[in-house]
Amino acid sequence: MRKWLFPTLIIFGFLVIFFIQNRIDENKEQYSLLKELLYFPSGKFVEQASIGYNELFADIIWLRAVQYFGEHQMTDRKFKYLYHILDILTTLDKKFIHSYTFGGFLLESSAGESENTDKLLHKGEFYNPESWEIPFVRAFIYYFFRNNDKISVLFFLRSSKKPGAPDMSRRFAGFTFQKLGAKLKALNLWKELYRLSNNPVEKETAFRYLNEITMLIQMDSLQVALNEYMQKKGEFPKSMQEMINSSFLRKKPKPPWKDEYFYIDTQRDRIWCTYLDKVQSPILKRMMESKSEQGTVK
Amino acid sequence: MKLRTIILNTFKEAVRKKLLLIVIGFSLLLLAASGVLVPLSLGEESKIIMDFGLGSISIFGILLAILIGSQSVFNELERKTIYFIISKPVRRETFIIGKFLGLLLTFTTVIFILVVWFYVILFVLTGLHPASILISVFLSYLEIVIITAFCIFFSTFTSPIFSSLFTFLLFVVGRLAPDIQLLASKTANPFAHFSLQLVYYVIPNLSNFNVRGMVVHSELVSHNHILFTIAYAFIYTIILLVSSSEIFRRKDL
Chain C
1 MRKWLFPTLI IFGFLVIFFI QNRIDENKEQ YSLLKELLYF PSGKFVEQAS IGYNELFADI
61 IWLRAVQYFG EHQMTDRKFK YLYHILDILT TLDKKFIHSY TFGGFLLESS AGESENTDKL
121 LHKGEFYNPE SWEIPFVRAF IYYFFRNNDK ISVLFFLRSS KKPGAPDMSR RFAGFTFQKL
181 GAKLKALNLW KELYRLSNNP VEKETAFRYL NEITMLIQMD SLQVALNEYM QKKGEFPKSM
241 QEMINSSFLR KKPKPPWKDE YFYIDTQRDR IWCTYLDKVQ SPILKRMMES KSEQGTVK
Chain W
1 MKLRTIILNT FKEAVRKKLL LIVIGFSLLL LAASGVLVPL SLGEESKIIM DFGLGSISIF
61 GILLAILIGS QSVFNELERK TIYFIISKPV RRETFIIGKF LGLLLTFTTV IFILVVWFYV
121 ILFVLTGLHP ASILISVFLS YLEIVIITAF CIFFSTFTSP IFSSLFTFLL FVVGRLAPDI
181 QLLASKTANP FAHFSLQLVY YVIPNLSNFN VRGMVVHSEL VSHNHILFTI AYAFIYTIIL
241 LVSSSEIFRR KDL
């Protein structure tokens, strides 16, 4: 009898623990641990407090931070403390290249904090002068998000001169120099990033932009066909089917998303995609307008 | 009566240790030293002192539990005083529970002294004496209870050095429990997922006891959290004490 009592008691005890822990987890505020991190005044403070285990601390912060970024990326897309966290992280581990590149990318693309993006990447280059990745990401940001080819090409060139830099740095510098079609260049950049990245969030973002640029390129082709139609017929088509019937289009193009479609907006006399009615992306808007802004390198 | 004797003996024995006095002295000094940070805190005096105080109480409490707790049962075996005790009509379970409660009495006294001193310093330096601090101290105390129970558990079958080492490792892993759960949720492999989940529920989740950040920033700690954490500490301690008693009962003395 006693022989069975002990293991039974232990198993029962752990079942109760399982139940209680689940209840505690339900009540616990999500990311409260990360929130505690936000209370730290600066990375320097945490660095001293970590008594030499900087990298270990940085790894723990990274694990929690990635989870936090992912969750906000999927939900409210608000990244109020992103820079603060990245600053602590990169102060603890100054050689953690990926935290600069991924962080800089998120700060620019998701948080829209250009000044902090520059600060973080500048810090990254300062502590990692041999890294080709950081100037590459800076070039990428200037090229794609800021529409600034002039500065972008400088960073692509800087990246290409670093030890171990892949061919793509030079290739993109060349592309930018040659002033190819902006959307095609962007498409290639995102394709490379999608191919090279191991980070699911980065990959997902790259995939989204790839689809959006593909849609814009499709819209450009449709616009060419529309212009031809209007030149020949002297009027605006009422539907895309009309263009197909008159052999200005071979078939109705399909956007990259399953539930979306292109249509002729007769009220505004334009080619349009249902996706654009749902997504209000400033980057998308800027690419459609294709206006160029120039700035200075920090 | 027998239980009370063991408790009091354990308490007297612990109090006589120089180590205890050194740690208490050092903690009191460190708490007082938090005043030095005031001019550097740029308007965050109360936060810095509270962080410092609550952190010190937790760290020194854990340190004492590991250093003194892991010696208690082993010392009785080494000095052969255990034979004197078990030759009397004392159940071995009573001995383990007595040792555990005696240690708790010691740590309760130490924590009480530290908390009073902490309140004095906080009041002198900032004029504050928030009651919410007690919630954090109480949960830290429950963490110390679990750590003590682990020390007793390990010291029933291993030496003080290994007992301290195992307890310390469990303490570190226990503090990182949420990361284990996070890792489990991100693991695609079903076996790895199951194993990590199992580890998460079996190791003591010491993050449950950490509400220091919330208390310092005047955030409300929910009643549910406090109640479930008390239940968690209670059940976990019972499991450890039952296991310790069982191992000690089977020990060939």
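Chains C and W, in that order, give the protein sequences.
Residue numbering for the first sequence follows my numbering, beginning at 1 and increasing consecutively.
Residue numbering for the second sequence follows my numbering, beginning at 1 and increasing consecutively.
From the three backbone atoms N, C-alpha and C, an ideal C-beta is built for every residue, glycine too.
- Not a single CB atom of chain C sits nearer than 8 Å to the CB of Phe157 of chain W.
- Residue pairing for Asp265 of chain C: DSSP places it in a beta bridge opposite C:Arg270.
- Here DSSP, grouped into helix, strand and coil, assigns Pro89 of chain W to coil.
- For Gln241 of chain C, the closest C-alpha among the options C:Pro256, C:Trp272, C:Ile264 is that of C:Ile264.
- Taking a Cβ-Cβ threshold of 8 Å, the residues of chain W close to Arg23 of chain C are Asn224, Phe228, in chain order.
- Spatial neighbours of Phe11 of chain W in its own chain (CB-CB distance under 7 Å, excluding positions within 5 residues in sequence) are listed in chain order as Gly102, Leu105, Thr106.
- Taking CB atoms only, Asn27 of chain C has a neighbour in chain W less than 8 Å away.
- Spatial neighbours of Thr274 of chain C in its own chain (CB-CB distance under 6 Å, excluding positions within 5 residues in sequence) are listed in chain order as Glu260, Tyr261.
- Taking a cut-off of 8 Å on C-beta distances, the stretch 112-130 of chain C touches the stretch 90-98 of chain C, as three or more cross pairs fall below it.
- At a cut-off of 8 Å between C-beta atoms, Gln67 of chain C counts as an interface residue with respect to chain W.
- Sixteen is the threshold: when 16 or more other Cβ atoms of the shown chains lie within 10 Å of the Cβ of Ile24 of chain C, as they do, the residue is buried.
- Not a single C-beta of chain C is nearer than 8 Å to the C-beta of Leu54 of chain W.
- Taking 8 Å as the upper bound for CB-CB distance, Ser159 of chain C and Phe144 of chain C are not in contact here, some 15 Å apart.
- At a beta-carbon threshold of 8 Å, none of the residues of chain C lie near Ala188 of chain W; the nearest stands roughly 12 Å away.
- Separation of His122 of chain C and Ile226 of chain W (C-alpha to C-alpha, rounded to the nearest whole angstrom) is 45 Å.
- The beta carbon of Ile66 of chain W is closer than 7 Å to those of Ile147, Cys151, Ser164, Thr167, Phe168 in its chain, skipping five residues each way along the sequence.
- The beta carbon of Ile96 of chain W sits closer than 6 Å to the beta carbons of Ser244, Ser245, Phe248 from its chain, once the five residues preceding and following it are set aside; these are given in chain order.
- Straight-line spacing of the CA atoms in Tyr83 of chain C and Gly112 of chain C works out to 11 Å.
- The Cβ neighbour count for Asp149 of chain C, taken over all protein chains shown within 10 Å, is at least 16; the residue is labelled buried.
- Taking CB atoms only, Asn9 of chain W has no neighbour in chain C less than 8 Å away.
- Within the same chain, Cβ atoms closer than 7 Å to the Cβ of Ile271 of chain C are found at Met219, Leu222, Gln223, Leu226, Phe262, Ile264, the five residues on either side in sequence being excluded.
- In terms of Cβ geometry, Phe118 of chain W and Gly53 of chain W form a close pair [threshold 8 Å].
- Considering only C:Gly234, C:Glu26, C:Ser247, C:Gln73, the residue with the shortest C-alpha distance to Val201 of chain C is C:Gln73.
- With the criterion set as a beta carbon lying under 9 Å from some beta carbon of chain C, the stretch 69-103 of chain W has no members that meet it.
- Residues of chain W whose Cβ lies closer than 7 Å to the Cβ of Ile85 of chain C do not exist, since the nearest Cβ in that chain is about 15 Å away.
- Nearest to Leu184 of chain C by alpha-carbon distance, out of C:Asn211, C:Thr205, C:Pro163, is C:Asn211.
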